[in-house]
Structures are given as C-alpha cells and as structure tokens.
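As structure tokens, the structure follows; a few thoughts come after it.
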Amino acid sequence: MHTISSSSDLSVTLDFPASNLRFFLVRGSPFLTCSVSGGTAISISTIHTILSFSSNNALTKYTIKLNNNQTWLIYTSSPISLSNSLSMITSIGFSGIIRIAALPDSDPRHEAILDRFSYCYPISGDAEFTKPFFLEYKWEKKGWGDLLMLAHPLHLRLLDRDNSEVTVLEDFKYKSIDGDLVGVVGDSWGLKPAPVPVNWHSIRGVKEESYADIISALSAEVDALNSTTITTNSSYFYGKLIARVARLALIAEEVYFFEVIPKIKKFLKDTIEPWLDGTFSGNGFMYDAKWGGIVTNQGALDSGADCGFGVYNDHHYHLGYFLYAISVLAKIDLAWGRKYRPRAYSLMADFMNLGRQSDSNYTRLRCFDLYKLHSWAGGLREFVDGRNQGSTSEAVNAYYSAALMGLAYGDTHLVAIGSMLAALEIQAAQTWWHVRESDNMYEEVFTRENKVVGVLWANKRDSELWFAPPEWRECRLGIQVLPLLPITEVLFSDVEFVRELVKWTLPALQREGVGEGWKGFIYALEGIYDKEGALEKIKNLNGFDDGNSLTNLLWWIHSRGDGEEEGCGGGGKHGWFVQYCH
C-alpha cells in the first residue's frame, strides 16, 4: 500500500507507511532518494546477477557491479551494514537517507562527481512563470552542499547561463531516448525560449496584388457556409470545422474584404453558442468534478467517444480549435465576447489553469509537462510505453489559441502564458519530433527512415500514427502541420529542413487513394521555398482537410514574402511581445 503525500510541478513524494519508507521522486535527479525511519530492515532485489559488491571503510557507500555491465552506487547518510546474495541486498535496521545512482559508463571520473553531490538531495521542485518567455525551476533541497540535477537537450539550449547561478558539467551525462542528460549544478534554473509572434494575421503580410486571388476563393467559400448542413457531433471534428471558418474571417480582414464578415459572424454564432449554452442536441460540454475538467456528454458515457475525450485524451487538441473560433468571434463581435467570456474561460482553463490550490476547479496545466517542456495527448489510460503525443502542431495551436483569447479580451497574462507554452511546444517539436540527421538525437537506422516521429511516447518513438502506417508519409507529415496558421511559419522556420521533409514525403503522394486534404499540407510546406510551384499544385486540388480551405492555402502561399524579410523564429515585427513588453 502506498500513498502520495505531496506533489509539485517536478516531483512526487511517495510513502509506504507499513514499510517506513518515503521516496522523493524528483524529475531530473540522477539519484533515487529514499528516507527510512523506525530502524527498518532494507531489502533491494535485482533481476541481474551481482558480480561484485564492496563498500567504503565508513560503510556509507556501496558499489555494485551487475552482469549486464552496469555499475550502481548506494549512498547512505549514516553507516549501514549491507550484505548480498546473487540477486538480493539486505540490511538490518536502519534510519536515515539512502540514495541510489547508476554510474554512467562505469567511469571513475563520473563516480567522483556522484560522490561529491551525494550529500544534497531535492525533495520537491516547482516551475514558475516569472516573466514573459522565462521559466524558472526552483528545487527545495535537504542535506548539504550543491544540488546536482540532469538537463535534457532542450533544457541545455534554453538554459540562461548568464543570469542563473548554474554550472553545466558537460562531460557528465547519461544516455536516454530523449538524448543525453547532462549534469547541471544549481538550486534553480532559468529557461529562456526565444519569443514567438502571436498575431491574428500573417507575420510577413500579403501584398495587394495577391488580394484578388484570395478574395475569389474566400467569396465562394463564405457563400457556401450553411450551419444547418453540419453532420458531425464530434468535439474534435466540430472544433476543426468552426476554426476553419474563423480563419476565413481573419483572412478577410487581412485582404480588406470586410463584406463577408457578417455572414461568417452569424455562422460562428450559430455553431458555437449551442456548445456554450448546452443546447447542442448531439453533444456538449460538461464539468467533471472527479478529475476537475471539461468532458463531453458523449465522452462521459463512452470512454471511446470523441477520441477518448471523456478519459482526458487530446483535451488541448479539441479545445484548442474551439478556443480559436471563440477568440475570433470575440474579436469581431465585442458584445458577444463579453457575454460568453465566463464560458470561454472555462474551456480555456481546462488545460491552461496555473493554480496549485487543491480546491482549484481545474488541474494545473493538464496536458503540459513542465520537465519535458511539451504536452502529452494521452489522458487517464495507462500504456506500457507511458504517455504519448502525436500532433505537435495541434498542441501549438492550443496554446497559440489561448494567447489569441488573451488578445481578444485584453488579458496580457493569458497572452504571456499562452505564448510561452506555444514557444516551448515549438522548440520541443523541433527537438524530438523533427528528425534531423545533424542532430544525432536518434540512432542512425531510425534517422535514415524517418524525418518526423509519428507518435512520441515516454519510452518509445513510433513511426506509425494511430490511424496510419509508416509508409503513409503524407499523413505523418501533415499531422505535424495542421492547422495551417500564422504561427506555422515559426514551427517550420528551418527552410532547408522543410525541403528535406517535402522531398521525403512527395513520393508517397503517388500512392493510390492519397487524400487531397493531406496533399494540401505538403504543398503548403513546399510553398515555403517554391511559391509558384506550390501555388499551381494547390489550385489543382479538388478537396481540402476539414480544418483547412482553399482560401487558407492561398493566404499561406501569398504570405510567404519574397525571402528578404528576416526570419520568424523571434518576436516578429507585429508580435504581442513588442506591443506589451517593449
């Protein structure tokens, strides 16, 4: 029997009361730390044979070598007498701290580092958003000396070494599926991602000579809007549908074709209000007091409905689309926005809540992993390989849309948090989902066959998607692109890598039965470096993804600029960061 006695952003304290054991499970610690009370006898078992077992003279450090070529070290706060068999280590009664660590590469130099930092241990850790585009880790520690933790590759790129009192031990590292985990000494870290532009409209702008091309498609697609013909009641596909129409309103603003906005506004009201009012006959949102979140009516009755939304799968995906559409409607109809703000904020808070209080209506940052710095789409279900996420672009959309909601309501705090999480999600996608040969993140055999990860699991990298085999490369790339937005430009800011992605994917488009919707996203990426070629292909499409449109694709191609603009990896010339934080 075990209980969780406390938890924080970066830790869980796990108690085994009957055994007098308390484990401080802190993300990033190279040690497993256990507090033992009551003069308790200890036993540690291993599936690998113990080849050698030795201690120091003080009986406060033991070295164990196993038949799998691993060396493990056990440190104790006071002398302990341990004995061993081939697969078991035992002791008589002990009270104090026990710390266990694997020795990287069985290297004596690394052993000296573990020896030095074995006396100081973390018991909890928080992640604090102290200012725009800055995340601070703060650990509570006990013992004496300095605190040694481990940083993954994205941590190291974001680490604010100039203004944080940290020391990076470049040569002390563990291998992991996420890349090398490198030692960092310090009680707190500052992480500083580059600002990203959160704009309603394109970052580079659309030239006036391109307006007519966009307006022609826009006019036709707005004329075809009819809310009574919607057949889906899925929260995911319905969300995509209303977000697609909301894009039309913003594109209309950008090309100064305002006469279509009233019809778009009416469509958005007719389609969004039933979900917010609870009058949509096919589905709806409801509050789940048990887990502290929003679920759908269908999801509450059937764990497989709405892609598992009722068991908290994909919350940021589904709600991200709703937030986008609601934010646009609140922007173009201020009175409507004021009326529905409480309900809009309830949907947003489901995955954006920062509160730590036990009585909060919503859990803190439901999907976002503050150590990994990206989201997980998996909810309450357990999987052998841990949590998972497929589409990074839909995760980016969720936080981008939350930031847009902040813009619509003048909520600078929401803008800042949404923008920060979008920036982190983008950099995480570029680190772990975008497979570059030069990064050496994964083994050569995986890198050779994959330019994008299909589904990223805690303990696995999968080439497949939930709905597509590895050879369907158009789906594998497209799911990392949709929905096509101004911020997509930041997610795919590495033009040479985009060339590689498109080259890797184009042969798959020759396969019989490839959906036109998926082709649209591949051609959109092609437009980053070949506007004219991509434009011709897009105009020959005879169908589009249910969250995309011809208008949106034409807007994307015509907003690629001429190549002379500076890159968009930073704040952008129209970003909120410049507006609020100059």
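All residue numbers in the sequence shown are consecutive under the UniProt record's numbering, ending with 582. The beta carbon of each residue, even a glycine, is placed where N, CA and C say it ideally should be. As the structure is a prediction and not an experimental result, all values here were calculated from the model.
**Request:** Inspect the CB distances between the stretch 156 to 172 and the stretch 394 to 408 and report whether three or more fall short of 8 Å.
**Result:** The stretch 156 to 172 is not in contact with the stretch 394 to 408.
**PHE280 versus SER327 - alpha carbon distance** = Roughly 20 Å separates the two Cα atoms.
**Asked** Between the C-alpha atoms of SER346 and TYR340, what's the straight-line distance to the nearest angstrom?
**Response** So the two alpha carbons sit approximately 10 Å from each other.
**Message:** Using C-beta distances below 7 Å, list every residue in its chain close to VAL502, excluding the 5 sequence neighbours before and after it, in chain order.
**Reply:** ILE522, LEU525, GLU526
**Message:** Measuring straight from C-alpha to C-alpha, what distance separates ILE388 and LEU241?
**Reply:** For the sequence presented, residue 388 should be read as Asn rather than Ile. Answer to the nearest angstrom: the Cα atoms are 25 Å apart.
**Prompt:** Which residues in the same chain have their Cβ closer than 7 Å to the Cβ of SER234, if we skip the five residues on either side of it in sequence?
**Reply:** ASP306
**Prompt:** If you draw a straight line from the alpha carbon of ALA408 to that of ALA243, how long is it in whole angstroms?
**Reply:** Approximately 15 Å, taken between the alpha carbons.
**Asked** When burial is assigned at 16 or more other CB atoms within 10 Å of the CB, is GLY478 buried or exposed?
**Response** Result: buried.
**Prompt:** Rounded to whole angstroms, how far is the Cβ of HIS201 from the Cβ of PRO486, which I believe are closer than 8 Å?
**Reply:** 7 Å
**Message:** Rounded to whole angstroms, what is the Cα-Cα separation between VAL12 and PHE23?
**Reply:** Their Cα atoms are separated by approximately 8 Å.
**Request:** Please list, in chain order, all residues of the same chain as GLY561 whose beta carbon is under 6 Å from its beta carbon, the five residues on each side excluded.
**Result:** ARG204
**Distance between ALA101 and SER393 (C-alpha atoms, nearest Å)** = 37 Å
**Request:** Inspect the beta-carbon positions of SER81 and ARG99 and report whether they are closer than 7 Å.
**Result:** no
**Counted within 10 angstroms of its Cβ, other Cβ atoms place ARG511 as buried (16 or more) or exposed** = exposed
**Item:** Cβ neighbours of ARG161 in the same chain (closer than 8 Å, five flanking residues each side left out)
**Value:** VAL168
**Request:** For VAL435, write down the residues that DSSP places opposite it in a beta bridge.
**Result:** Note: VAL435 sits in no beta bridge, so no partner.
**Request:** Could you work out which residue in ARG157, THR551, SER559 is closest to ALA249 when comparing CA atoms only?
**Result:** Residue THR551 is the option with its Cα nearest to ALA249.
**Message:** Taking the straight line between their C-alpha atoms, what separation do you get for LEU32 and ILE64?
**Reply:** 15 Å
**Request:** Keeping to the same chain, check which residues put their C-beta closer than 8 Å to that of SER391; ignore five residues upstream and five downstream.
**Result:** TYR317, ALA377, ILE479, GLN480, LEU482
**Asked** Between SER6, LEU66, SER77, ILE97, which lies nearest to ASN84 when the distance is taken from Cα to Cα?
**Response** Nearest C-alpha to ASN84 among SER6, LEU66, SER77, ILE97: LEU66.
**Request:** Using 10 angstroms around the beta-carbon of LEU10, count the other beta-carbons present and answer buried if the total reaches 16, otherwise exposed.
**Result:** buried
**Asked** Applying the criterion that 16 or more other CB atoms from any shown protein chain within 10 Å of the CB defines a buried residue, is GLU489 buried or exposed?
**Response** buried
**Pick from ALA289, ASN297, LEU268, VAL260 that is closest to GLY278, judged by C-alpha positions** = Selection ALA289, ASN297, LEU268, VAL260 evaluated against GLY278 yields ASN297 as nearest (Cα-Cα).
**Request:** Give me whichever residues DSSP pairs with GLN480 in a beta bridge.
**Result:** Paired residue(s): none; GLN480 is not in a bridge.
**Buried or exposed by the 16-neighbour rule on C-beta atoms within 10 Å, applied to PHE577** = Caution is warranted here: a pLDDT of 40 is assigned to PHE577, below 50, making its placement in the model unreliable, and no coordinate value can be reported.
**Request:** Excluding the 5 residues preceding and the 5 following ILE113 in the sequence, name in chain order all residues of the same chain whose CB lies nearer than 6 Å to its CB.
**Result:** PHE172
**Message:** Between the alpha carbons of GLU259 and TRP275, how many angstroms are there, rounded?
**Reply:** 27 Å
**Prompt:** Cβ of LEU373 within 7 Å of Cβ of LEU301?
**Reply:** no
**Asked** In chain order, what residues of the same chain have a beta carbon less than 6 Å from the beta carbon of LEU380, not counting five sequence neighbours either side?
**Response** Answer for LEU380: VAL311, TYR312, listed in chain order.
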